[in-house]
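One structure below.
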RNA sequence: GUGGGUAUAGUUCAGUGGCAGAACGCCAGACUGUGGCUCUGGAUGUCGUGGGUUCGACCCCCACUACCCACCCCA
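In the numbering used here, the protein residues as written are 136 to 560.
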């Protein structure tokens, strides 16, 4: 048997109803913040991710699906392609490629779609997973660097989660500083670690070399007291970054979006600067982040574009749906009417009736003339149809159809032009 | 990439070195144009794959694969 490949899965009804609910709510909420949709390709040039996400990150160095495409001629070298592991880089690529800074004002984008990372699957983590994200990008003159943009984006997320009925989320907020701040802080951190790292877990010993920032993220209980003694990035921010971070918090407080500052929050993508954040949810097990994001003031330049600061986030849709299904059980959407053709030749009038009703927006499901009535009614009620419409010789001859309410058991005989209105009320 | 667990019917799971099981679901009949309830019957299947031990393996051993959970990383 051919099966879905490792880390991928089929989404079936009724779960797809929850996905549709999420996506339509997202479109509604994002619309009032005046974001518009962007769709970028699933396949991109490998270099796009090497230069934005960072060559040294796990995402690029270990987790990417990439391959060399065939050249046009057999002798020609092919281009290295990759399935996108995230969507911010693609959006920024499109922004630069189409010179979207020429459009008036600050650009507000949102996207939803599959992303691909070749990781070991586990709860809330798949090789093909779905992200819903938004990005705000523009030249400095459009106000793209303003802390108000950060706060607005976070407020939009809070509104979305509330509207979806997700309770118990927490917003963790930090500032990772400018690129220059990060370099200075990394030096300091490395120095500080030199004295204590031998007493820490093996992972931290490795991180101290490869990516010292991640030591702050360590969850091993024995390491916690040591981590408390390490320098905080908050103390190494330049004045502008400090002011920015302060203003973001001030606005969030004023619009009553609860958050807490987590000085140890760091993120695994190179392009993040200043504001970094995560929304987490307790019910998810180890993969508890449902949203992650931050500011990326230098990303455009690193992709060869003009200065175009921005900020964005990505929601893990798979994880979000998981939290939702613990609260609300999604129900499959049944038909309004199940048409039961009864006896030879009845498929023909049944098809005509079905077409007529569907034109009036009635959800119709049709049986087959070979079914015995008992079987038709049974199928109708098992699949949740609200009404059964019997189409037999008697009905066709008289023009009066038997319409049975499957909830109450009540049955009426009505003419064909009364069916739609009866069923809808 | 590392560690642990699991693999038997459509689903959830029992099971024993000697005929492959239950519940639910599915199909049919009882009831020829009236569902839900009930009763009766049926099909469920390469017991994950490949080797080995054995008179005999779904069971014991080895390898592989897949899934789940965790690490790592991230959404």
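Backbone N, C-alpha and C fix where the C-beta goes; we use that ideal spot for every residue, glycine too.
Buried or exposed by the 16-neighbour rule on C-beta atoms within 10 Å, applied to residue i
i, result
"residue 457", "buried"
"residue 417", "exposed"
"residue 432", "buried"
"residue 222", "buried"
"residue 214", "exposed"
"residue 281", "buried"
"residue 503", "exposed"
"residue 279", "buried"
"residue 161", "buried"
"residue 146", "exposed"
"residue 136", "exposed"
Option in the options with minimal Cα separation from residue i
i, options, result
"residue 218", "211, 251, 206", "251"
"residue 534", "525, 542, 370, 171", "525"
"residue 153", "474, 496, 459, 523", "459"
"residue 327", "547, 399, 347", "347"
"residue 174", "529, 245, 211, 158", "245"
"residue 304", "510, 514, 425", "425"
"residue 216", "517, 226, 204, 225", "204"
"residue 449", "266, 291, 477", "266"
"residue 469", "553, 486, 277, 517", "517"
"residue 440", "165, 228, 296", "228"
"residue 387", "283, 542, 159", "283"
"residue 560", "490, 511, 291, 496", "496"
"residue 528", "285, 513, 475, 547", "475"
"residue 249", "261, 240, 241", "261"
"residue 542", "513, 530, 536", "513"
"residue 316", "369, 330, 264", "369"
"residue 253", "295, 269, 201", "201"
Boundaries (first-last residue) of the alpha helix (DSSP H) holding residue i
i, result
"residue 182", "181-184"
"residue 225", "223-232"
"residue 325", "314-331"
"residue 138", "No alpha helix (DSSP H) holds residue 138; DSSP gives it neither H nor E."
"residue 515", "508-517"
"residue 203", "First-last for residue 203: 201-203, but that is the beta strand (DSSP E), not the alpha helix (DSSP H)."
"residue 359", "359-364"
"residue 437", "434-437"
"residue 196", "193-196"
Which of helix, strand or coil DSSP assigns to residue i
i, result
"residue 371", "helix"
"residue 344", "helix"
"residue 278", "coil"
"residue 443", "coil"
"residue 476", "strand"
"residue 260", "strand"
"residue 490", "helix"
"residue 148", "coil"
"residue 293", "helix"
"residue 551", "helix"
"residue 210", "coil"
"residue 396", "strand"
"residue 386", "helix"
Contact set for residue i: own chain, Cβ-Cβ below 8 Å, skip 5 residues either direction
i, result
"residue 189", "195, 404, 405, 406"
"residue 437", "186, 187, 406"
The beta strand (DSSP E) enclosing residue i, as first and last residue numbers
i, result
"residue 246", "242-251"
"residue 412", "408-416"
"residue 523", "522-526"
"residue 216", "215-218"
"residue 554", "Taken as a continuous stretch (DSSP letters only), residue 554 belongs to no beta strand (DSSP E), being part of the alpha helix (DSSP H) at 554-559."
"residue 305", "304-310"
"residue 499", "499-501"
Sequence-distant residues of the same chain with beta carbon closer than 7 Å to residue i, five excluded per side
i, result
"residue 339", "332, 350, 353, 358"
"residue 192", "403, 404, 405"
"residue 355", "336"
"residue 275", "442, 444"
"residue 144", "261"
Contacts around residue i, its chain only, beta-carbon distance under 6 Å, and the 5 residues preceding and following it disregarded
i, result
"residue 467", "148, 149"
"residue 397", "307, 309"
"residue 212", "206"
"residue 382", "282"
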